[in-house]
Amino acid sequence: MMASNLDELERLRELDKDGMLENLGRFPEDCRLAIERAIDVPLADLAGRVFKAVVFAGVGGSAIGGRLIKDWLSAESEIPIEVSGGYSLPRFVDDKTLVLSVSYSGNTEETLSMFREALDVGSPIVSFTSGGELERLSKERGLPVASMPGGLKPRAALPYQFFMLATVLDRLGLAPLSGEVDEAIQVLGDIRDELVPEVPAESNPAKKLALDLYNMIPFVYGSELLGSVAYRFGTQLNENSKVPAGSGAFPELFHNAALVSESPRGVLEPLCLLFIRDSLESDKVSRKIDRFKALFEPRVGRMLEARTRGRGKLARMFSILLLGDYVSTYLALLYGHDPSSMDAIDELKRG
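In this text, residue positions in the sequence shown follow our numbering: the first is 481, and each later residue adds one.
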């Protein structure tokens with residue numbers, strides 16, 4: 481599929497067999513629906529409890545909500561927030577640690593292993609799933625279940641995953657969701673209207689970025705608040721676009737990746753560095769990022785920027801998350817891929 485064909489809507493629909501673009505078009509509305517679903521999750525047994533930590537137990541697309549919430553809350557949270565992405569929970573987890581078990585399918589073996597460990601140590605647990613073994617085991621033990629709608633790819637369930645997690649935390653007094661959600665959803669609606677397939681490439685920021693990334697190896701870099709956002713952007717390029725992509729976060733990158741600028745000439749030419757700039761980043765960080773960019777400009781094939789929208793943390797984070805989802809989907813279609821296909825992951829799961 482040639483780059484100029486991103487405006488051929490019928491061709492896009494033929495390639496996008498599972499309707500990823502259609503799902504993205506519902507992103508703002510799905511965020512609101514997620515909140516409504518989570519309001520009904522029974523939490524009476526947890527209300528008023530004092531937790532010493534929060535642990536998100538999930539892997540892959542089912543872990544991104546926890547990563548994002550950690551970045552969103554870590555600066556203000558009075559208790560540690562951790563994301564556990566293996567078969568075992570951290571040793572500190574006990575009966576005062578809130579464990580949020582997340583598996584979209586409900587059958588992720590790593591999440592189920594951590595769920596059983598949480599049961600063994602008596603942790604309070606809330607499960608987030610669309611069904612499967614996690615739902616069965618949770619209901620069997622009388623544990624609260626936040627039910628996500630079925631029929632989505634785990635990576636496409638982000639609106640439900642994040643906003644259901646955030647709503648549960650808000651109800652338990654652990655997250656300030658109510659103060660930020662209206663602006664975030666308003667910003668998402670505005671951005672969605674700019675990025676839908678009907679908007680031609682010449683005035684569609686997501687299509688433009690996809691065209692710029694075509695035949696390049698992207699690295700997505702975000703500042704401070706946007707570390708997990710950059711990570712999600714990179715994994716969406718992996719999963720939707722089927723391209724190699726890396727990610728990283730400032731200020732950590734100042735202390736390691738900066739030295740990559742000393743690579744021999746020619747080595748970095750296939751790379752495109754995409755800098756996710758926070759509209760409210762500090763002057764100090766902004767100056768250092770500009771200096772970091774100057775180190776690489778003569779050596780990489782291309783450098784791009786995308787800037788957050790909105791004032792609140794959630795609005796700024798989700799303005800880039802939605803952009804990244806659209807960019808990775810359009811890039812998949814440029815390469816002639818179905819963005820929803822998961823053949824290699826399914827093969828590994830069978831092993």
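Glycine included, each C-beta is placed from N, C-alpha and C at the ideal position.
Straight-line gap, residue i to residue j (C-alpha atoms, nearest Å)
i: Y701; j: L775; result: 15 Å
i: M481; j: G816; result: In this prediction, M481 has a pLDDT of 48, which is less than 50 and means its spatial position is unreliable; what the coordinates show is noted afterwards. C-alpha separation (whole angstroms): 5 Å.
i: F798; j: L668; result: 7 Å
i: L504; j: L675; result: 10 Å
i: A483; j: S766; result: Legend: pLDDT at A483 = 49, less than 50; position of this residue unreliable, value from coordinates given subsequently. Straight-line Cα distance between these residues: approximately 33 Å.
i: L495; j: L811; result: 12 Å
i: I561; j: L513; result: 25 Å
i: L751; j: E678; result: 30 Å
i: G781; j: L691; result: 14 Å
i: L632; j: G540; result: 14 Å
i: L599; j: L693; result: 45 Å
i: V534; j: P778; result: 44 Å
i: K532; j: L689; result: 43 Å
i: L654; j: R547; result: 16 Å
i: M644; j: G746; result: 46 Å
i: V807; j: V601; result: 43 Å
i: N695; j: S610; result: 36 Å
i: S753; j: G659; result: Note that residue 753 corresponds to Leu in the displayed sequence, not to Ser. Their backbone Cα atoms lie some 34 Å apart in a straight line.
i: D818; j: Q641; result: 23 Å
i: L813; j: D575; result: 48 Å
Inter-residue CB distance, residue i and residue j (contact presumed, cutoff 8 Å)
i: S557; j: S581; result: 20 Å between Cβ atoms; not a contact.
i: L794; j: V648; result: With 8 Å as the limit, L794 and V648 do not qualify as a contact, their Cβ atoms being about 16 Å apart.
i: S820; j: D498; result: 4 Å
i: N720; j: T577; result: Not a contact, Cβ separation roughly 34 Å.
i: P832; j: I697; result: The structure shown does not extend to residue 832, since the chain spans only 481 to 831, so no value can be given for it.
i: A636; j: M500; result: 7 Å
i: R491; j: N485; result: 6 Å
i: I800; j: F713; result: 7 Å
Proximity winner among the options, relative to residue i (alpha-carbon distances)
i: D670; options: R517, L802 and G540; result: L802
i: S603; options: P778, I519 and F595; result: F595
i: R791; options: M696, V661 and R635; result: V661
i: D487; options: E682, P624 and L614; result: E682
i: H735; options: R745, F772, K764 and T715; result: F772
i: G538; options: M644, R745, T588 and G746; result: T588
i: F507; options: I665, F730, L748 and S759; result: I665
i: M783; options: L748, L828 and G804; result: L748
i: G566; options: G612, A543, F730 and E615; result: A543
i: V579; options: G586, T591 and S585; result: T591
i: R757; options: V740, F730, L654 and G546; result: F730
i: V740; options: N718, F699 and L652; result: F699
i: F755; options: E620, R787 and A738; result: R787
i: E785; options: A646, S762, A710 and V530; result: A710
i: D826; options: P634, E742 and P680; result: P634
i: R616; options: S583, T715 and G726; result: S583
Cutoff 9 Å: residue i Cβ touching any chain B Cβ
i: E490; result: Although the question refers to chain B, the structure presented lacks it and comprises just one protein chain.
Write down every uninterrupted run of the alpha helix (DSSP H) in the segment 730-800 whose length is 4 residues or greater and which is fully enclosed by it, in chain order.
Within the segment 730-800, the complete alpha helix (DSSP H) runs of at least 4 residues are 763-776.
To test your reading of the DSSP string, which unbroken alpha helix (DSSP H) runs of 4 or more residues are found completely within the segment 674-698?
Listed in chain order, they are 685-693.
Answer yes if the segment 544-553 comes into contact with the segment 704-724, meaning at least three C-beta pairs across the two stretches below 8 Å, and no otherwise.
Judged by pairs of C-beta atoms under 8 Å, the segment 704-724 touches the segment 544-553, as three or more such pairs exist.
Take every Cβ of the segment 612-628, pair it with every Cβ of the segment 517-536, and state whether three or more of those distances are shorter than 8 Å.
The segment 612-628 makes contact with the segment 517-536; the number of CB pairs closer than 8 Å reaches 3 or more.
Segments of 3+ residues assigned as beta strand (DSSP E) that fall wholly inside the segment 538-580
Runs found: 561-564.
Just list the beta strand (DSSP E) runs in the segment 571-653, keeping only unbroken ones of 3 residues or longer that don't cross its boundaries, in chain order.
Counting only runs of 3 or more, we get 577-583, 605-609 and 625-627.
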